[in-house]
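UniProt numbering applies: residue 1 is where the sequence shown begins, and numbers increase by one. Have a look at the structure below before the remarks.
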Amino acid sequence: MKRLHLHVSVDDLPRSIHFYSALFAAAPTVEKPDYAKWMLDDPRVNFAISARGGSSLGLEHLGIQVETTDELQDVYGRLKQAGGRVYEEGATTCCYARSEKSWIADPQGLMWETFLTTGESPIYGGDPALDALKGEAGACCAPTTPQGECCPPKPELSAQAPCCGAKEPA
1 MKRLHLHVSV DDLPRSIHFY SALFAAAPTV EKPDYAKWML DDPRVNFAIS ARGGSSLGLE
61 HLGIQVETTD ELQDVYGRLK QAGGRVYEEG ATTCCYARSE KSWIADPQGL MWETFLTTGE
121 SPIYGGDPAL DALKGEAGAC CAPTTPQGEC CPPKPELSAQ APCCGAKEPA
């Protein structure tokens, strides 16, 4: 069964956690110093918030979370039919979870992800190539945080290389 995913960028995480916990009548399923997530069943939504700096406040992206590889392939096929460039992120770490995912920007530049979560992660994660796609689409940008702070370091980049789309310092 699929679940709608919404991710909102906030400036005051504790205040936002209090607000959404009251709104949903539930505590977050996942709570980190910069992130919280509610896995709601009524309505069936994966609602996440983060206070990561550098992002515009408000809706950051939407998505469709699936529970099986067959569902993932079905939704991925629909992404390709929708038109536009699909970014196949594949196996990745994001939002303190390990997932298999793909992304596309809608005609207004709003990013949509399709993903299958396969486990937890101790780090937030991120992918610079995804941020390039967001930039092409005119979508809101992810934070420009050095790798290691928001994503696993990539051996081909220096430790100071940004994780989220900015150019590496000279």
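Cβ coordinates follow ideal geometry from the N, Cα and C atoms, glycine included. Because the structure is a prediction, the values reported are computed rather than measured.
- Uninterrupted alpha helix (DSSP H) stretches at least 4 residues long and entirely within the UniProt domain "VOC" (2–117) occur at 13–24, 69–82, given in chain order.
- In the structure shown, Gly119 falls within a strand segment according to DSSP collapsed to helix, strand and coil.
- By the criterion of at least three beta-carbon pairs nearer than 8 Å, the stretch 1–16 is in contact with the stretch 59–66.
- One Cα belongs to Gly119, the other to Ala51, and the distance between them is close to 22 Å.
- Distance from Ser9 to Gly58 at the Cβ level is roughly 6 Å; contact confirmed, criterion being Cβ atoms closer than 8 Å.
- Per the coordinates, the alpha-carbon of Lys37 lies some 17 Å from the alpha-carbon of Trp112.
- Taking a contact as a CB-CB distance under 8 Å, the pair Glu89 and Leu72 does not count as one, their CB atoms being some 12 Å apart.
- Residue environment analysis places Phe19 among the exposed positions, since fewer than 16 neighbouring C-beta atoms fall within 10 angstroms of its C-beta.
- Ser102 sits away from Ile49, with the two beta carbons spaced by 8 Å or more.
- In this structure, the alpha-carbon of Pro14 lies about 28 Å from that of Thr114.
- Taking 8 Å as the cut-off, the Cβ atoms of Asp34 and Tyr124 count as close.
- Pro28 and Tyr96 have their C-alpha atoms roughly 14 Å apart.
- With a beta-carbon spacing of about 5 Å, Val86 and Ile104 fall inside the 8 Å limit used to define contacts.
- Relative to Gly83, the option among Cys94, Glu31, Thr69, Asp106 whose CA is nearest is Asp106.
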